[in-house]
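To start, the structure itself, in C-alpha cells.
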Amino acid sequence: MIKANGLSKRFASRSVLDDLDFEIERGQRLALLGLNGAGKTTLLRCVMGVLSFDGSIEVDGADVASSGKAVRGRIGYVPQRPPVFHMSLSAMVEFFSTLRGIPAETIAEQLDAFGLPLAETGGLALRELSGGMMQKALLAVALASNPQVLLMDEPTANLDPRARSEFMRALRQVSPETTLMLASHRLDEVEMIADRIWILHEGRIVFDGGLGDLRARAGADAWLWVRTRREDRDAARDKFLSLAEPEAVMANGTHVAVKLPAAGRAEALWRLKESNLAIDDFWVVEPQLEEIVQRFFGEGEI
Amino acid sequence: MSRVSVIRTLVRRELGESLRSRWFIAYSAVFLLGALALTFFGLSGSDIYGYRGFAKVMAGLVHLALLFVPLMALFPATAAVAGEREMGSLEYLVSQPISFGELFWGKWIGVSLAVALSLLIGFGFAGAVATLNGTPWRPVALLLALTLLLAETFVAVGLFCSVIATTRARATGAGIVVWIVAVGFGTLAIMGATLRWGLPRLVLSAWALGNPVEAFRLGVIASLDPDGSLLGPVGLAWMTSLGASGVIALCFASLLLWTLVPTAFAWWRFRRPQAWSAL
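If you read the protein sequences in the order shown, they are chains A and B. Residue numbers in the first sequence follow this note's numbering, run continuously in steps of one, and reach 327 at the last position. Residue numbers in the second sequence follow this note's numbering, run continuously in steps of one, and reach 281 at the last position.
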C-alpha cells in the first residue's frame, strides 16, 4: 500500500529522514515511536506529499511526488493540534465535503456515529467544541471518504483522559482495510492499536517489528507472579533467588515474583513444583512498552 | 471535484474570513465614512467652484486612499498564509486533496475580492454622490480603477510577506514597513534628493514610477489636471511628451507590475511544498 525507496529529507544542514526503504501492507496498523525530532511528523508529511523529499514514495501505486493531490484524496489525516477555523461545525462539514469531493451527508453520518449529531452540534462554532469533540470531528472528516490510508500525528496529545478514551473508541470504527500510520508518544495507544512498530531515531528506522519482537529485542524481562500459601512464601522466594539476582525477586504477603526472560519462566514454576511448594495461581506482568522503548534511548524522553 | 469548485469554495471561505476581521471592518467603515464626508462637504461648494470643487474632493479622496487602502489590503493579506500557519489550519488544508495552486489562488482571489468589495462600497457611495451632483463620471471611474489596483498591489505585497514570514505579526510588520517607505519615506526621499542633488529627470521618473503610491498619485492627478501644472517639472515633461492618457497608462503599468512581481514571488515561494509549514 505504501512503498518508499531511498526516502530522505533534509532541513538546511539537518538530515531528518535518512535513506529509508520500506513497504507497508494494506490494512497494516503501524505505530511510529521515537524521541522528539526523530522524524515521525516529517515522515507523515512526506507520505501526504506536502513536503518535498529525495527518493520516492508510492501510495497504492501512485507516485506521491508527482500526484500529491490524487494521493491526498486516498488519505485521511488527523493532526496533533486541532486547526482553528472560524466556522460552525455544519459549515466545516460543507467546506471539507467540497474539498474532499464527497457528499456532506457522509461526513454527517460519520459524526453521528461518533456521537456528534449535526442536528444538535451543527450550529456550534468550532472554537466552542472541546478538544476531544474537535479531534473526533477531524476523524469523521478523515474517515468519511473511506480512505485507503489514515495518518494520525499524535491525535490525543492534547486530550484529557476521558476525551482520549472517547477518541480511541471512535478509532475502533476504522475499517480493517484501512492502512494506518500513527505517530505517538502514548505507548498505551500503540499497544492498543498497532500490529507493527517502528522506532525512528535520527531519521532512520532502528526497529521494525511487532510488540513481541520489540520486547525480545530490547531484552525486556517480565515479572512472573506466583500466589502460594503463607508458610511456603519464604521457600518460594529462596527458589526464585536461585534463579535471579536479589533485585529481581519480590515477596509480598502470599505473593512472590521473579523477573525473568520468557525462556526462564517455565523452569521457575517447575522448581517450585519440584520442591512440593503449593501454587494457587500464577500470572505474568509484561513490561510497559514505555520501559521497553526507553532501553533504545537510555532514559531520554520518548 | 473540479478545480473550479475547489477554488470557488476556498475563495468563499477566504472572503468570509477577511470580511469577518475586526481590523478590516474598522478600516472599511472609517474609509466609507471618510469618503462620504469628503464628497459631501467637498461638493457643497461645487456650485461656486465648479470642476475645481470636484478636484478638491478627488485630492481629499486620494489622500484618504493612500492612508487607508494599503492597510485595508495588508491586514487580510498578511493573515492569509502566516495567520493560518499559526492557527494550524494551513497544515490541515494542505493535507486535503487540493493542489498548492488551488489553495494559493483561492486565497489571492478571496482577499482581493474582499478588499475590492469594501472599496466599491466606500468609493461607490462617494462616486454615486459625486456623479449625482454633476461630477463627470470618467475621473471618478479612473480614481476607482487606480484605487482598486493600488489595493491589489498591497494585497500582493501582503501575501508575499505572509508567505515568507514565520508569524502573522512579522508579516504584518513587514507589510507596514513597505507601506511607510512607500507613503512617507518615498515621497520625502524624492523631494529631498531633488533638492540636494538635483536628480536627472530619468532618475526621478524611475523613482516615481518605482513607488506604487507615487504611481497612484500621479495617475489620479494626471486625470484631473490634463495640463500637468500640478505635477511638477517631471510630470509636466511627461504630459508634454506622452499626454495625459500616456501618463495614466504608465501609472497603471507601474501598479500592475507592482502587483504581478510580489504575486509571482509569493507563488514561487508558496508552491515549494515546505513553504506552508512553520519549519
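Even for Gly, the Cβ is constructed at its ideal location relative to N, Cα and C. This one's a predicted model, so the numbers in the text were calculated from it and none came from an experiment.
Next item on the list: Let me know if S91(A) comes out buried or exposed under the rule of 16 or more other beta-carbons within 10 Å of its beta-carbon.
Entry: Along the first sequence, read from residue 1 onward, the residue named residue 91(A) stands at position 66. Exposed: under 16 other Cβ atoms inside 10 Å.
Note to self: Please state the DSSP three-state secondary structure of S91(A).
What the structure shows: In the first sequence, residue 91(A) corresponds to position 66, counting from 1. If DSSP states are grouped into helix, strand and coil, S91(A) belongs with coil.
Note to self: Output needed for S40(A): all residues of its chain with C-beta closer than 6 Å, excluding positions within five of it in sequence on either side, in chain order.
What the structure shows: Numbered from 1 along the first sequence, position 15 holds the residue referred to as residue 40(A). Correct list, in chain order: G228.
Notebook entry, point to check: Would DSSP call M193(A) helix, strand or coil?
Noted result: Within the first sequence, the letter at position 168 stands for residue 193(A). Looking at M193(A) - three-state DSSP - the assignment turns out to be helix.
Checklist line | Secondary structure of A208(A), DSSP reduced to three states | finding: By 1-based counting over the first sequence, the position of residue 208(A) is 183. A208(A) sits in a strand when the DSSP states are folded into three classes.
Checklist line | Partners in chain A for M89(B), counting only beta-carbon separations shorter than 7 Å | finding: Mapped onto the second sequence, residue 89(B) falls at position 87. Within chain A, the residues near M89(B) are P108, V109.
Check: Which residues in chain A sit within 7 Å of I100(B), going by Cβ to Cβ distance?
Finding: Position 98 of the second sequence holds residue 100(B). The answer, in chain order, is K94, L124.
Notebook entry, point to check: Where L145(B) and E134(A) are concerned, what is the direct C-alpha to C-alpha distance, given to the nearest angstrom?
Noted result: Against the second sequence, residue 145(B) aligns to sequence position 143. Against the first sequence, residue 134(A) aligns to sequence position 109. Those two C-alpha atoms are separated by around 52 Å.
Margin query: At the 8 Å Cβ level, is V13(B) part of the contact set with chain A, yes or no?
Written below: On the second sequence, position 11 is the one that residue 13(B) refers to. Taking 8 Å as the threshold, the shortest C-beta distance from V13(B) to chain A does not fall below it.
Notebook entry, point to check: Using a C-beta to C-beta distance shorter than 8 Å, which residues of chain B count as neighbours of G98(A)?
Noted result: Position 73 of the first sequence, counted from the start, is the residue given in the question as residue 98(A). The contacting residues are P99.
Check: Leaving out the 5 sequence neighbours to the left and right, which residues in its chain are closer than 8 Å to P128(A) when beta-carbon positions are compared?
Finding: Along the first sequence, one-based indexing puts residue 128(A) at 103. Within its own chain, the residues whose Cβ lies closer than 8 Å to the Cβ of P128(A), once the five positions on either side in sequence are excluded, are S122, listed in chain order.
Next item on the list: Buried or exposed for E19(B), please, with buried defined as at least 16 other CB atoms from any protein chain shown within 10 angstroms of its CB.
Entry: Locating residue 19(B) in the second sequence gives position 17, counting from the first residue. Label assigned to E19(B): buried.
Margin query: Once DSSP output is grouped into helix, strand and coil, what is the label at V41(A)?
Written below: Numbered from its first residue, the first sequence carries residue 41(A) at position 16. Note: V41(A) maps to strand in three-state DSSP.
Checklist line | Alpha-carbon to alpha-carbon, L151(A) and V274(A) | finding: Position 249 of the first sequence, counted from the first residue, corresponds to residue 274(A). Position 126 of the first sequence, counted from the first residue, corresponds to residue 151(A). Approximately 54 Å, taken between the alpha carbons.
Note to self: Is it buried or exposed, I327(A), if we count other Cβ atoms within 10 angstroms and call 16 or more buried?
What the structure shows: Along the first sequence, read from residue 1 onward, the residue named residue 327(A) stands at position 302. Its pLDDT being 47, under 50, I327(A) is placed unreliably in this model, and the coordinates cannot settle the point.
Note to self: Here's a check: name, in chain order, each residue in its chain whose Cβ is nearer than 6 Å to the Cβ of T1(A), leaving out the five neighbours to either side.
What the structure shows: Because chain A in this structure spans residues 26 to 327, residue 1(A) falls outside the shown range and cannot be described.
Item checked: Span of the beta strand (DSSP E) around V84(A) -> Numbered from 1 along the first sequence, position 59 holds the residue referred to as residue 84(A). Looking at the DSSP string, the run of the beta strand (DSSP E) that includes V84(A) is 79-84.
Margin query: DSSP three-state label for L302(A), please.
Written below: The residue given as residue 302(A) occupies position 277 in the first sequence. Correct three-state label for L302(A): coil.
Next item on the list: Assuming A29(A) and G64(A) form a contact by the criterion Cβ under 8 Å, report the distance between their Cβ atoms to the nearest whole angstrom.
Entry: To locate residue 29(A), count along the first sequence from 1; it is residue 4. To locate residue 64(A), count along the first sequence from 1; it is residue 39. About 12 Å separates the two Cβ atoms, so there is no contact after all.
Note to self: Need the endpoints of the alpha helix (DSSP H) that L17(B) sits in, please.
What the structure shows: Position 15 of the second sequence holds residue 17(B). Unbroken alpha helix (DSSP H) run through L17(B): 5-22.
Item checked: Residue interval of the alpha helix (DSSP H) (run including A143(B)) -> On the second sequence, residue 143(B) is found 141 positions in, with the first residue counted as 1. Run containing A143(B): 139-166, per the alpha helix (DSSP H) assignment.
Notebook entry, point to check: Going by other Cβ atoms of all chains shown within 10 Å of its Cβ, with 16 needed for buried, is S91(B) buried or exposed?
Noted result: On the second sequence, position 89 is the one that residue 91(B) refers to. The C-beta of S91(B) has 16 or more other C-beta atoms within 10 Å across all chains shown, which makes the residue buried.
Margin query: On a Cα-Cα basis, can you pick out the residue from K264(A), L225(A), P107(A) that is closest to D43(A)?
Written below: Taking the first sequence and counting its residues from 1, the one referred to as residue 43(A) is at position 18. Measuring from the Cα of D43(A), the nearest candidate turns out to be L225(A).
Next item on the list: Per DSSP, which residues does D257(A) bridge with? Please list them.
Entry: One-based indexing of the first sequence puts residue 257(A) at position 232. Per DSSP, none; premise fails for D257(A).
Checklist line | Local Cβ density within 10 Å of Q173(A), reported as buried at 16 or more and exposed below that | finding: Numbered from 1 along the first sequence, position 148 holds the residue referred to as residue 173(A). Within a 10 Å sphere around the beta-carbon of Q173(A) sit 16 or more other beta-carbons, which makes this residue buried.
Check: With a cut-off of 8 Å, does the C-beta of P104(A) fall near any C-beta of chain B?
Finding: Within the first sequence, residue 104(A) is the residue found at index 79, counting from 1. For P104(A), the answer is yes, since a Cβ of chain B falls inside 8 Å of its Cβ.
Check: Would you say S7(B) reaches chain A, if we count a Cβ-Cβ gap shorter than 8 Å as a contact?
Finding: Sequence index remark: in the second sequence, residue 7(B) carries index 5 (1-based). Yes, S7(B) lies at the interface with chain A (some Cβ there is under 8 Å from its Cβ).
Margin query: Residues of the stretch 19-38 of chain B in Cβ contact with chain A at a cutoff of 7 Å, in chain order, please.
Written below: Per Cβ criterion, the list reads E19, R22.
Next item on the list: Verify the CB distance criterion: does M73(A) have a CB-CB separation below 8 Å to chain B?
Entry: On the first sequence, position 48 is the one that residue 73(A) refers to. Yes, because at least one Cβ of chain B sits closer than 8 Å to the Cβ of M73(A).
Check: Whole alpha helix (DSSP H) runs in the stretch 188-268 of chain B with 4 or more residues, listed along the chain?
Finding: 188-199, 203-212, 214-226
Checklist line | Exposed unless 16 or more other CB atoms sit within 10 angstroms - verdict on V89(A) | finding: As a working note, residue 89(A) is residue 64 in the first sequence. Burial call: buried.
Note to self: Please return the same chain residues whose Cβ sits closer than 7 Å to the Cβ of R255(A), not counting the five positions on each side in sequence.
What the structure shows: By one-based count along the first sequence, residue 255(A) stands at place 230. T279.
Next item on the list: State yes or no: is the C-beta of F113(B) within less than 8 Å of the C-beta of P78(B)?
Entry: Sequence index remark: in the second sequence, residue 113(B) carries index 111 (1-based). Sequence index remark: in the second sequence, residue 78(B) carries index 76 (1-based). The amino acid occupying residue 113(B) in the given sequence is Val; Phe does not appear at that position. Yes, they are a contact pair.
Next item on the list: In angstroms with no decimal places, state the Cα-to-Cα distance between A82(B) and V310(A).
Entry: Your numbering for residue 82(B) matches position 80 in the second sequence. Your numbering for residue 310(A) matches position 285 in the first sequence. Going by the C-alpha atoms only, they are around 53 Å apart.
Next item on the list: For A37(A), I'd like the list of residues in its chain whose CB is within less than 8 Å of its CB, leaving aside the five on either flank, ordered along the chain.
Entry: Here residue 37(A) is taken as the residue at index 12 of the first sequence, counted from 1. Closer than 8 Å at Cβ, skipping near neighbours: no residue.
Checklist line | Delimiting residues of the alpha helix (DSSP H) encompassing D137(A) | finding: Residue numbering aside, residue 137(A) sits at position 112 when the first sequence is read from its first letter. In this chain, the alpha helix (DSSP H) harbouring D137(A) covers 129-138.
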